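Here the structure comes first, spelled out in structure tokens, and everything after it is commentary.
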Amino acid sequence: MSSTPKPEVVGTTPRTPHNRIYRPLPDGYYIRLLTLTPGQKTDPISVTLTVTDLDSAPPFEALSYVWGKIDSPADLVPITCDGHPFGVTPNLAAALRRIRGRSDTRLLWADAICINQHDLEERGFHVSFMGRIYSCAHRVLVHLGPAPDGRAGDVAALVAEVKGLLARCDGDINNAPILESSDSLLLDSRWEALKCMLSVPWFTRAWVIQEVGLARDPVVLYGDDDGGLEAESDVVEFLYRDLMRLAAWHERCAPTLSSSWGVEFSTIHGDWLDWTVSGAEAWKGDLDRTFLDLVNQASWLGCADHRDHIYSLLGHPLALVDVEENENEIGGEAGHRDSSVTGAEEKKLVVMPDYGKSVDDVYLELALNLIRQRRGLRVLSAVEHATDAELETESGSPSWVPMWKQSMTICTLGIFSGFYYNASGGLGKQPPPAVVRTSPYTVMQTHDESALREEKLLRVAGAFVDVVDETIAFNDEHLELPWTVHSPRRLADTMKSIWQAAIKTNPCPGERSPYIGDEPDSNDGRIDALSLTLTAGLTGYDSAESAEHFSEHRANFRAYRATSGLLTNVDSVVDAKDEYEHEAGTQSPEAQPAVSATTGNAEKFWLDMRLVSYGRNFFRTQRGYFGLGPRTMRRGDQCVVLAGAKVPFVLRQARGDSGTKDRRRLVGECYLHGIMNGEVTGSFGGDDGTVQIELF
1 MSSTPKPEVV
11 GTTPRTPHNR
21 IYRPLPDGYY
31 IRLLTLTPGQ
41 KTDPISVTLT
51 VTDLDSAPPF
61 EALSYVWGKI
71 DSPADLVPIT
81 CDGHPFGVTP
91 NLAAALRRIR
101 GRSDTRLLWA
111 DAICINQHDL
121 EERGFHVSFM
131 GRIYSCAHRV
141 LVHLGPAPDG
151 RAGDVAALVA
161 EVKGLLARCD
171 GDINNAPILE
181 SSDSLLLDSR
191 WEALKCMLSV
201 PWFTRAWVIQ
211 EVGLARDPVV
221 LYGDDDGGLE
231 AESDVVEFLY
241 RDLMRLAAWH
251 ERCAPTLSSS
261 WGVEFSTIHG
271 DWLDWTVSGA
281 EAWKGDLDRT
291 FLDLVNQASW
301 LGCADHRDHI
311 YSLLGHPLAL
321 VDVEENENEI
331 GGEAGHRDSS
341 VTGAEEKKLV
351 VMPDYGKSVD
361 DVYLELALNL
371 IRQRRGLRVL
381 SAVEHATDAE
391 LETESGSPSW
401 VPMWKQSMTI
411 CTLGIFSGFY
421 YNASGGLGKQ
431 PPPAVVRTSP
441 YTVMQTHDES
451 ALREEKLLRV
461 AGAFVDVVDE
471 TIAFNDEHLE
481 LPWTVHSPRR
491 LADTMKSIWQ
501 AAIKTNPCPG
511 ERSPYIGDEP
521 DSNDGRIDAL
531 SLTLTAGLTG
541 YDSAESAEHF
551 SEHRANFRAY
561 RATSGLLTNV
571 DSVVDAKDEY
581 EHEAGTQSPE
591 AQPAVSATTG
601 NAEKFWLDMR
611 LVSYGRNFFR
621 TQRGYFGLGP
631 RTMRRGDQCV
641 VLAGAKVPFV
651 LRQARGDSGT
661 KDRRRLVGEC
671 YLHGIMNGEV
681 TGSFGGDDGT
691 VQIELF
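Residues 1 to 696 in full-length UniProt numbering are what the sequence shown spells out, letter by letter.
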């Protein structure tokens, strides 16, 4: 199930009320299976339904496909279900025709038919154990549909070729050679066909992550044989996990496929590939992975019902939490208890699917439950607001609740445990709150759930750092892939404005830039501060400031400036005597163009910058700090380090009477250069260096 059209236009027709086909299911894990009767390509589609206990079901195949957009019953394809007229989406009809036997029946599970879409209670209950359906299936069939370019065979050939290449390396990608861009395999035009396949809608839908993640070994069906009885078939099959091994090989051994052919695999598919028991070590062994990591990484995926940004992922074992963790929970009902996935004696879903709840209520419930778990403040890093109006609305969700239905950035800074950030490491330890005893935060009115539901206030401890003075937005169109030699020049005007902001005199009288030392002959560190800010202190997923990477980072930035023409632009911005001043003790960039061109990698810097700058603003604070922050931030917003958080945040003062003076709206997370690794200590106010802040 990859998208959910309106129930009133799916399934039964006015001539066939749904109660003629669907009968209430028994209590427990009962499902309907459909038997697809055999036929030729052009024969009408006919199915019958049977009810079975999932635990004793006969071998069946489950479909993973995209529903597609349906606006009215006229868009549906008529089939026959138990002898009655029934309407299905064109994509499902195509999938059924694709897999229908010529002489044998096939036993299948397809959500649009096997679930009564008119019954919200049944629909919600099935979603709560949807993962079990896919894990119990004998096979999961991934129906991608026809190849837009008619080259499905080329894709299958590439998958097989890379599989053979890895087999010769004992199946270990780390043993495979890293290919030069001139290698004949990388010059093969079949990569165009793979790029085309990766653009089909299936790869952008939320539900499919669970469907293939829980499958034993999902099979991809790609291509179309509906051209008529005499047409040559362009239909191929290959294992989905072989495709993902190709993706991993591409990332390590053939990264130039991105720039040369535009081949881009979404990391969500590879990072969360295997949810099965056999793949349990991957998620059990990584103690820093939580359900938050999965939901956050999948937030850009599409689904017609925005509640499904959460519900579509509940099949993962990380969605099950210990019952005792949520005893006396704040808001939200006790979730469905299940011990079947992990073998634990008593687990429950972090949220229970309920299509009777509003989107805002579902997102609030998840946020509250995640905050109660370890490192709960990480969830605040997922907050993104599309507009000021959304941020400052008095209705709907509070500003600190992530809206999983929108995703504006490529990379969240404060959730991934692999990033080196530890912004709150220097703050004093906070007293444990009354309800959540292991974390430095609490929720207002924790003793009164109804008050919490009404007020929706989150009280956190934090230290104010500075005030935003200027912001400059990146044009996301200028950061689109693929990279070309012209990519840096598209950003030239933006970079010129950023440099103008970087060299300004501090608005605070008597204060120097925090990146210039106190001694008269101190080096000007603003060049390094600027380059590190533009990449959020990262190169790839590692610290760019580390001894291992810093020299390379500097060289890459010099190469980027030379490629972008930024050196020429800077000439008109600053006086000659101040131009870049001293670059951290090295000669000025005007003396280094040859070094930049030969030792640095402009594309690598651009890719590092793109990862963290897309969807964000560069900003400068009143005291001269540089940062990357949310698109909706503005002058006058406050930069704050919250106790227990990995990164700083941008907050906005509440407007209103004096009773709201300590209340702030959460604008979003930020990177603030020089404040990312415990530099903020007890000197920022209060006996322990913090103040209490109420987020609403």
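The beta-carbon is built from N, C-alpha and C at its ideal position, and this holds for glycine as well.
These numbers come from a predicted model, not from an experiment.
Notebook entry, point to check: If you check the beta carbons only, do Trp-606 and Ser-497 fall under 7 Å apart?
Noted result: Start at 1 with the first residue of the sequence shown, and residue 606 comes out as number 606. Start at 1 with the first residue of the sequence shown, and residue 497 comes out as number 497. No, the Cβ-Cβ distance between Trp-606 and Ser-497 is not below 7 Å.
Item checked: For Cys-81, the residue or residues it bridges with in DSSP -> Within the sequence shown, residue 81 is the residue found at index 81, counting from 1. Paired residue(s): Val-47, His-84.
Note to self: Just to confirm, is the Cβ distance from Thr-535 to Asp-476 under 7 Å?
What the structure shows: For the purposes of this step, residue 535 is identified with residue 535 of the sequence shown, where counting begins at 1. For the purposes of this step, residue 476 is identified with residue 476 of the sequence shown, where counting begins at 1. Their beta carbons are not under 7 Å apart, which means Thr-535 does not touch Asp-476 by this criterion.
Next item on the list: Could you work out which residue in Glu-545, Phe-129, Ile-79, Ala-167 is closest to Leu-320 when comparing CA atoms only?
Entry: Position 320 of the sequence shown holds residue 320. Taking the Cα of Leu-320 as reference, the smallest distance to any Cα among Glu-545, Phe-129, Ile-79, Ala-167 is reached at Phe-129.
Checklist line | Residue from Leu-628, Trp-275, Asp-217 with nearest C-alpha to Thr-412 | finding: The residue you call residue 412 lines up with position 412 of the sequence shown. Of Leu-628, Trp-275, Asp-217, the smallest CA-CA separation from Thr-412 is found for Leu-628.
Notebook entry, point to check: Would you say Phe-265 and Ala-156 are within 7 Å of each other, going by their C-beta atoms?
Noted result: For the purposes of this step, residue 265 is identified with residue 265 of the sequence shown, where counting begins at 1. For the purposes of this step, residue 156 is identified with residue 156 of the sequence shown, where counting begins at 1. Not a contact, by the Cβ cut-off of 7 Å.
Next item on the list: Identify whether Arg-241 lies in helix, strand or coil by the three-state DSSP scheme.
Entry: Numbered from its first residue, the sequence shown carries residue 241 at position 241. Three-state result, Arg-241: helix.
Next item on the list: For the segment 664-677 and the segment 384-402, state whether three or more C-beta atom pairs, one from each stretch, are separated by less than 8 Å.
Entry: Three or more beta-carbon pairs drawn from the segment 664-677 and the segment 384-402 are found closer than 8 Å, and the two stretches are therefore classed as touching.
Note to self: Here's a check: name, in chain order, each residue in its chain whose Cβ is nearer than 7 Å to the Cβ of Pro-402, leaving out the five neighbours to either side.
What the structure shows: For the purposes of this step, residue 402 is taken as the residue at position 402 of the sequence shown. Cβ within range, chain order: Tyr-363, Ala-367, Val-379, Ala-382, Val-383.
Checklist line | DSSP beta-bridge partners of Val-159 | finding: On the sequence shown, position 159 is the one that residue 159 refers to. Looking at the DSSP assignment, Val-159 forms no beta bridge with any residue, so it has no partner.
Next item on the list: Using alpha carbons as the reference points, say which of Ala-193, Gly-356, Leu-221, Asn-174 lies closest to Glu-251.
Entry: Working through the sequence shown from its first residue, we reach residue 251 at position 251. Cα-wise, what sits closest to Glu-251 is Asn-174.
Margin query: Measuring straight from C-alpha to C-alpha, what distance separates Ala-57 and Val-650?
Written below: Position 57 of the sequence shown, counted from the first residue, corresponds to residue 57. Position 650 of the sequence shown, counted from the first residue, corresponds to residue 650. Going from the Cα of Ala-57 to the Cα of Val-650 covers about 53 Å.
Notebook entry, point to check: Does the Cβ of Glu-333 have 16 or more other Cβ atoms within 10 Å, making it buried, or fewer, making it exposed?
Noted result: What you label residue 333 is simply residue 333 of the sequence shown in a count that begins at 1. Confidence is the limiting factor: at Glu-333 the pLDDT is only 41, short of 50, which leaves the residue's position unreliable, though a coordinate-based value still follows. Glu-333 should be labelled exposed.
Notebook entry, point to check: Since Ile-133 is in the alpha helix (DSSP H), which residue starts that stretch and which ends it?
Noted result: Residue mapping note: residue 133 aligns to position 133 of the sequence shown, counting from 1. For Ile-133, the enclosing alpha helix (DSSP H) begins and ends at 130-136.
Check: Grouping DSSP H, G and I as helix and E and B as strand, with all else coil, what is Asn-617?
Finding: Residue mapping note: residue 617 aligns to position 617 of the sequence shown, counting from 1. Here Asn-617 carries a strand assignment [DSSP, helix/strand/coil].
Checklist line | Reference Leu-49; option with closest CA among Asp-293, Gly-644, Val-162, Arg-106 | finding: Taking the first residue of the sequence shown as position 1, residue 49 is located at position 49. Nearest C-alpha to Leu-49: Arg-106.
Checklist line | Expected contact under 8 Å - CB spacing of Tyr-355 and Gly-131 to nearest Å | finding: As a working note, residue 355 is residue 355 in the sequence shown. As a working note, residue 131 is residue 131 in the sequence shown. Their Cβ separation, rounded to whole angstroms, is 18 Å, which puts Tyr-355 and Gly-131 out of contact at 8 Å.
Next item on the list: Report the rounded CA-to-CA distance for Lys-195 versus Arg-168, giving the unit in angstroms.
Entry: Taking the first residue of the sequence shown as position 1, residue 195 is located at position 195. Taking the first residue of the sequence shown as position 1, residue 168 is located at position 168. The alpha-carbon atoms of Lys-195 and Arg-168 are separated by roughly 25 Å.
Next item on the list: Below 8 Å CB to CB, which residues in the same chain sit around His-673 once its five sequence neighbours on both sides are set aside?
Entry: On the sequence shown, position 673 is the one that residue 673 refers to. Sequence-distant partners of His-673 (beyond 5 residues in either direction) whose C-beta falls short of 8 Å from its own C-beta, in its chain, are Tyr-515, Ala-529, Leu-532, Thr-533, Gly-537, Tyr-625, Phe-626, Gly-627.
Margin query: Please report the straight-line C-alpha distance between residue 724 and Gly-87, rounded to a whole angstrom.
Written below: The requested residue 724 is not part of the displayed model; the chain covers only 1 to 696.
Note to self: Measuring only the C-alpha atoms, how far is Trp-202 from Cys-303?
What the structure shows: Sequence index remark: in the sequence shown, residue 202 carries index 202 (1-based). Sequence index remark: in the sequence shown, residue 303 carries index 303 (1-based). Using only the alpha carbons, I get a separation of about 11 Å.
Check: Hey, is the segment 490-505 in contact with the segment 638-647, meaning 3+ C-beta pairs nearer than 8 Å?
Finding: As far as the Cβ criterion goes, the segment 490-505 does not touch the segment 638-647, which means the pair count is below three.
Next item on the list: Rank Arg-561, Arg-151, Ala-62, Glu-161 by C-alpha distance to the C-alpha of Trp-109 and give the top, closest one.
Entry: In the sequence shown, the residue the question calls residue 109 occupies position 109. Closest by C-alpha distance to Trp-109, out of Arg-561, Arg-151, Ala-62, Glu-161, is Ala-62.
Next item on the list: May I have the straight-line CA-CA distance separating Leu-229 from Thr-484, to the nearest angstrom?
Entry: Taking the sequence shown and counting its residues from 1, the one referred to as residue 229 is at position 229. Taking the sequence shown and counting its residues from 1, the one referred to as residue 484 is at position 484. With a pLDDT of only 37 at Leu-229, under 50, the local geometry of the prediction cannot be trusted, and the value read off the model is given with reservation. One C-alpha to the other measures close to 45 Å.
Notebook entry, point to check: Count the other CB atoms within 10 Å of the CB of Gln-210; is the residue buried (16 or more) or exposed (fewer)?
Noted result: In the sequence shown, the residue the question calls residue 210 occupies position 210. Counting the other CB atoms within 10 Å of its CB gives Gln-210 a total of 16 or more, which places it among the buried residues.
Item checked: Where Trp-109 sits in the DSSP three-state scheme -> For this step, residue 109 is matched to residue 109 along the sequence shown. Looking at Trp-109 - three-state DSSP - the assignment turns out to be strand.
Notebook entry, point to check: Rounded to a whole number of angstroms, what is the C-alpha to C-alpha distance between Leu-214 and Ala-562?
Noted result: In the sequence shown, counting from the first residue as 1, residue 214 sits at position 214. In the sequence shown, counting from the first residue as 1, residue 562 sits at position 562. Each residue's Cα considered, the two are about 48 Å apart.
Checklist line | Proximity to Pro-59 [Cα-Cα], best of Val-66, Asn-116, Pro-26, Val-140 | finding: Your numbering for residue 59 matches position 59 in the sequence shown. Comparing Cα-Cα distances from Pro-59 to each of Val-66, Asn-116, Pro-26, Val-140, the minimum goes to Val-140.
Next item on the list: Give a yes or no on whether the C-beta atoms belonging to Glu-694 and Leu-457 are separated by under 7 Å.
Entry: For the purposes of this step, residue 694 is taken as the residue at position 694 of the sequence shown. For the purposes of this step, residue 457 is taken as the residue at position 457 of the sequence shown. Cβ atoms of Glu-694 and Leu-457: closer than 7 Å.
Check: Apart from the five residues on each side of it in sequence, which residues of its chain come closer than 6 Å, Cβ to Cβ, to Ile-31?
Finding: Sequence index remark: in the sequence shown, residue 31 carries index 31 (1-based). Answer for Ile-31: Leu-54, listed in chain order.
Next item on the list: Along the beta strand (DSSP E) that carries Tyr-311, what are the first and last residues, could you check?
Entry: In the sequence shown, residue 311 corresponds to position 311, counting from 1. No beta strand (DSSP E) holds Tyr-311; the alpha helix (DSSP H) holding it covers 308-311.
Next item on the list: Report yes if the C-beta distance between Leu-36 and Val-47 is below 7 Å; otherwise report no.
Entry: Stepping through the sequence shown from its first residue, residue 36 is reached at position 36. Stepping through the sequence shown from its first residue, residue 47 is reached at position 47. Yes. Within cutoff.
Notebook entry, point to check: In three-state terms, what does DSSP make of Ala-461?
Noted result: Within the sequence shown, numbered from 1, the residue matching residue 461 stands at position 461. Strand.
Item checked: Burial state of Pro-630 (16 or more Cβ within 10 Å) -> Translated into positions along the sequence shown, residue 630 becomes position 630. Counting Cβ neighbours within 10 Å, Pro-630 comes out buried, since at least 16 surround it.
Next item on the list: Would you verify that the beta carbon of Ala-367 is, or is not, closer than 7 Å to some beta carbon of chain D?
Entry: You won't find chain D in this structure, because it holds only one protein chain.
Margin query: For a quick check, are the C-beta atoms of Ala-463 and Thr-690 less than 7 Å apart?
Written below: The sequence position of residue 463 within the sequence shown is 463, counting from 1. The sequence position of residue 690 within the sequence shown is 690, counting from 1. Their beta carbons are under 7 Å apart, which means Ala-463 touches Thr-690 by this criterion.
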